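J.: The following block contains the structure, expressed as structure tokens.
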Amino acid sequence: MKNPTTPPSESLKAEPTITTVDVPIHQELGPFKGAKKALGVSVAGDAIWYATGDSIVSLNPSEGTPRQRLDVKADAGTAFDGTYLYQLTDATIQKIDPETGEVLSRIPAPAEGRDSGMAWAEGSLWVGEYRAGKIHRIDPKTGKVLAVIHSDRFVTGVAWHQGELWHGAHHGERSELCRIEQDGRVQERLRLPEGITVAGVDIDAHGHFLCGGGDSGKIRIVKRPGER
Amino acid sequence: MDSQINAAARLLATGDPLGALQRVALRSDAPALALRGTAMAQLGDLRAAAELLTRAHATFETDEALSRARCVLALAEVALALRDFSFEPARLQDAAATLKQHGDHNNALLAELLNARRRLLLGDIAGALSATHNLRFNGAPEALIGLTRLIQAQIAIRQIRGAEAELRLSEASAHSKASGIAALSLEIQRALSVLHSPAGRLVEAETQREVTLTQVEQLFQEPALLVDACRRQLRHAGMVINLSRRPILFSLLLHLAKSVDRTATRTDLVQEVFGSALMNDSYRARLRVEVGRLRKLLAPIATVTATAEGFKLEPHDTSLAVRVLLPPLWGSHPDILALLSDGQTWSASAIANALGKSQRSVQRALAQLAKQADVVPEGVGPARRWVSASLAPIATALLLPLHRD
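Protein chains in written order, with our numbering: chain A, 1 to 228; chain B, 229 to 633.
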């Protein structure tokens with residue numbers, strides 16, 4: 001693995017610049033009653049879980065309607081390791097059993113609450129730090145920081161899909177989806193329409209982005225360009 | 229934003245500003261400053277709130293237009309609570325446009341409501357009406373709908389439309405209960421108790437009784453000669469003659485209408501109208517002149533007959549009732565007390581602005597009221613503000629100006 005702490009400015013000197021591609025919103029779900037916000041988003045098998053502030057709600061993806069509600073405060077990123085949910089709440093990350101809604105354990109969040117999006121991959125949690133534009137790779141059991149990735153944008157949602165690391169970004173009043181290498185090099189940038197907020201991101205089995213719309217309470221589905 | 233900010237916002241939304249502050253007290257990044265400012269405003273420390281929100285506005289990056297617009301909105305709300313009318317309406321308008329542009333319709337609606345409140349406080353009823361006209365509530369929270377109904381009720385009260393005010397307040401109450409916001413419910417309760425308090429005292433044929441706003445609304449529609457001592461107006465058959473700029477003439481009319489059989493002696497009239505205990509030919513002549521003016525004014529409706537002792541007011545239609553409407557409080561400067569009855573602190577310049585008077589005359593009035601222990605000063609020099617010494621809400625509808633000229 002390359003050194004993940006190389007600042008992007010140095011590594012970008014030799015690289016060709018990438019172009020930003022404007023993408024449309026393919027579909028919107030919600031807002032649903034009692035779920036005023038859509039902060040973290042996580043695909044978990046046949047369900048879409050998202051953080052609403054007061055709870056974590058699961059949607060039935062084929063019908064796009066709410067199915068289950070966990071009574072756990074949920075302030076930012078949501079992740080899933082195949083069995084358990086991880087949820088950013090205030091300055092902690094809570095590990096939750098999605099069957100019962102029980103909080104099993106807690107670890108401190110790597111940026112002490114300045115954390116935004118979260119994803120699970122390769123045995124680690126990957127947690128965005130919003131204004132610092134960083135992603136922390138941490139041990140899910142202890143919260144110890146294993147690596148830091150520097151992006152060139154404010155980091156909102158974080159998602160892994162088929163070996164690719166993506167993050168939601170906020171730049172110049174527009175929201176973006178950025179694919180980056182672990183050394184911080186940006187490989188792809190997709191720009192969303194004006195007025196759209198991206199608070200959390202995950203990617204489903206079809207490779208579609210599921211974006212939490214923040215205060216709008218909506219989940220927006222975005223396709224990669226060139227896809228049908 | 230980030231997890232801690234969202235947690236603090238969540239606590240603010242459930243009415244726990246102290247809990248919210250605990251989360252972000254040590255942070256000085258822009259969103260934390262904005263949140264701290266909002267929490268301080270909820271806790272009632274408006275000066276600290278203004279300072280924090282101003283810092284937040286300056287700390288956000290120039291391209292974070294939505295966040296900056298929300299700061300301006302919060303600052304406008306704090307300025308209004310401080311009764312600081314120097315906050316430029318154009319700043320709020322720009323913020324409202326930015327909020328709409330970014331799809332923040334709820335906050336855009338709040339901006340419109342703040343605009344309406346400001347106009348209402350300044351006596352611009354027409355402006356307040358147009359600001360609350362055609363508002364859209366798509367998915368707006370109960371609190372905002374409740375606030376809209378409250379403002380509409382307050383406008384109706386200023387227009388002396390008691391039945392409409394009742395309706396709006398009951399609507400406001402329902403929305404406020406659904407919202408669970410205590411401060412809003414409290415304001416609505418206060419408005420209801422003001423609506424049900426005596427708005428004035430009615431004098432007719434030597435009897436006097438208290439009347440509510442709804443009863444005053446009714447009185448304005450009845451076929452009688454009504455001398456309104458609250459607004460210095462004469463009402464008859466739907467016609468209103470404004471005598472606020474002719475105080476001597478009004479005073480003469482008032483005392484004739486109040487007197488037994490509507491007859492007053494020359495000595496009494498000279499005392500009441502000119503303020504002199506002395507009676508001489510000069511005053512007699514002046515009195516004749518004023519009576520002449522009054523006759524001219526009343527010619528279509530009534531006449532003023534001279535008797536051996538004095539003068540008598542006689543309507544042409546002898547069955548026509550003559551009524552006098554007095555303010556609910558009969559003391560000095562009831563309009564200033566009415567303004568201060570909202571429980572907020574006001575500066576002399578803000579009072580002058582709201583009543584359309586000169587700052588000097590307001591300052592003289594405040595000095596007198598302070599001597600009578602009706603108002604209490606706070607602070608010194610340019611920061612001096614005034615607050616009502618009484619906690620009881622006053623029915624203010626008839627005491628405050630209806631329009632700006």
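Glycine residues also receive a C-beta, built at the ideal position from the N, C-alpha and C atoms. A quick note: this is a predicted structure, and the numbers were derived from the prediction, not measured.
The stretch 57-73 of chain A: which residues have C-beta closer than 8 angstroms to a C-beta of chain B, in chain order?
T.: Lys-73
J.: Buried or exposed: where does Glu-289/B fall if 16 or more other Cβ atoms within 10 Å of its Cβ makes it buried?
T.: exposed
J.: For Lys-36/A, tell me which candidate among Leu-320/B, Asn-334/B and Asp-230/B has the shortest Cα-Cα distance.
T.: Asn-334/B
J.: Have a look at Lys-229/A and Arg-298/B and give me their C-alpha separation to the nearest angstrom.
T.: Lying outside 1 to 228, the shown extent of chain A, residue 229/A is not represented and no answer is given.
J.: Which runs of the alpha helix (DSSP H), 4 residues or longer, sit entirely within the stretch 271-297 of chain B?
T.: Runs of the alpha helix (DSSP H) inside the stretch 271-297 of chain B: 274-287.
J.: Pick out whichever of Leu-484/B, Glu-399/B, Ser-413/B and Asp-257/B has its Cα sitting closest to the Cα of Val-431/B.
T.: Leu-484/B
J.: What does DSSP give as the partner residues of Phe-32/A in its beta bridges?
T.: Ala-35/A
J.: Does the beta carbon of Gly-152/A sit closer than 9 angstroms to a beta carbon anywhere in chain B?
T.: Per the sequence shown, residue 152/A should be read as Asp rather than Gly. No, its Cβ sits nowhere closer than 9 angstroms to a Cβ of chain B.
J.: Distance cutoff 9 angstroms, beta carbons only. Does His-403/B sit that close to anything in chain A?
T.: no
J.: Which of helix, strand or coil does DSSP assign to Thr-360/B?
T.: helix
J.: Would you list, in chain order, the members of the stretch 98-123 of chain A that have their beta-carbon closer than 7 angstroms to a beta-carbon of chain B?
T.: Ala-109, Gly-113, Arg-114, Asp-115 and Ser-116
J.: If we require 4 or more residues per run, which alpha helix (DSSP H) segments fall completely within the stretch 47-103 of chain A?
T.: none
J.: At 3 residues or longer, what runs of the beta strand (DSSP E) sit wholly inside the stretch 542-572 of chain B?
T.: The DSSP assignment places complete beta strand (DSSP E) segments of no fewer than 3 residues inside the stretch 542-572 of chain B at 549-554, in order along the chain.
J.: Indicate whether Ala-47/A and Gln-68/A have their beta-carbon atoms separated by less than 9 angstroms.
T.: yes
J.: Determine whether the beta carbon atoms of Pro-140/A and Asp-81/A lie at a separation below 9 angstroms.
T.: At the C-beta level, Pro-140/A and Asp-81/A come within 9 angstroms of one another.
J.: Note down, in chain order, each residue of its chain lying with its Cβ closer than 6 angstroms to the Cβ of Lys-328/B, except the 5 sequence neighbours on either side.
T.: Here Lys-328/B has Ala-336 as same chain residues with Cβ atoms under 6 angstroms from its own Cβ, once five neighbours each way along the sequence are excluded.
J.: Drop a sphere of 10 angstroms on the beta-carbon of His-206/A, count the other beta-carbons inside from all chains shown, and report buried for 16 or more, exposed for fewer.
T.: exposed
J.: With a threshold of 9 angstroms between beta-carbons, can Gln-572/B be considered close to chain A, or not?
T.: no
J.: Please classify Met-268/B as buried or exposed, where buried requires at least 16 neighbouring CB atoms within 10 angstroms.
T.: buried
J.: Check for me: the beta strand (DSSP E) holding Thr-142/A runs from which residue to which?
T.: Thr-142/A -> no beta strand (DSSP E), and no H or E assigned at all.
J.: Rounded to the nearest angstrom, what separates Ser-105/A and Asp-97/A at their Cα positions?
T.: 10 angstroms
J.: What did DSSP end up calling Gln-380/B once you bin it into helix, strand or coil?
T.: helix
J.: Pro-61/A to Leu-363/B, Cα distance in whole Å?
T.: One C-alpha to the other measures close to 36 angstroms.
J.: What does DSSP give as the partner residues of Ser-616/B in its beta bridges?
T.: Val-603/B
J.: Within the continuous alpha helix (DSSP H) that includes Gly-635/B, where are the two ends?
T.: Since the displayed chain B opens at 229 and closes at 633, residue 635/B lies outside it and no answer follows.
J.: Counting C-beta neighbours from all protein chains within 10 Å, is the total for Val-57/A 16 or more, i.e. buried, or is it exposed?
T.: buried
J.: If we define contact as Cβ-Cβ less than 9 angstroms, is Ser-42/A a contact residue for chain B?
T.: Ser-42/A does not count as touching chain B.
J.: Establish whether the CB of Arg-237/A and some CB of chain B are separated by less than 9 angstroms.
T.: One cannot answer for residue 237/A here, as it falls past the ends of chain A, which runs 1 to 228.
J.: Since Glu-173/A meets chain B, which of its residues come closer than 9 angstroms, beta carbon to beta carbon?
T.: Asp-291, Glu-292, Ala-293, Leu-294 and His-330
J.: Which same chain residues, not among the five before or five after Gln-453/B, have their C-beta less than 8 angstroms away from its C-beta?
T.: According to the sequence shown, residue 453/B is Leu rather than Gln. Excluding positions up to five away in sequence, the list reads Leu-462, Arg-463, His-464, Ala-485, Ile-529, Ala-530, Pro-543, Leu-548, Ala-549, Val-550 and Arg-551.
J.: One question on the structure: do Ser-616/B and Leu-565/B come within less than 9 angstroms of each other, judged by their Cβ atoms?
T.: yes
J.: Please identify, using Cβ separations under 7 angstroms, the residues of the stretch 245-278 of chain B that lie next to chain A, in order along the chain.
T.: Arg-251 and Asp-257
J.: Let me see if you follow: with CB-CB separation under 9 angstroms, is Ala-235/B close to chain A or not?
T.: yes
J.: Buried or exposed for Asp-90/A, going by 16 or more other Cβ atoms inside 10 Å?
T.: buried
J.: Give every residue of the same chain whose Cβ lies closer than 7 angstroms to the Cβ of Trp-574/B, excluding the five residues on either side of it in the sequence, and list them in chain order.
T.: Arg-311, Leu-567, Leu-568, Arg-613 and Trp-614
J.: Check the Cβ of Ala-76/A against every Cβ in chain B and list those closer than 7 angstroms, keeping chain order.
T.: Asp-230, Ser-231 and Asn-234
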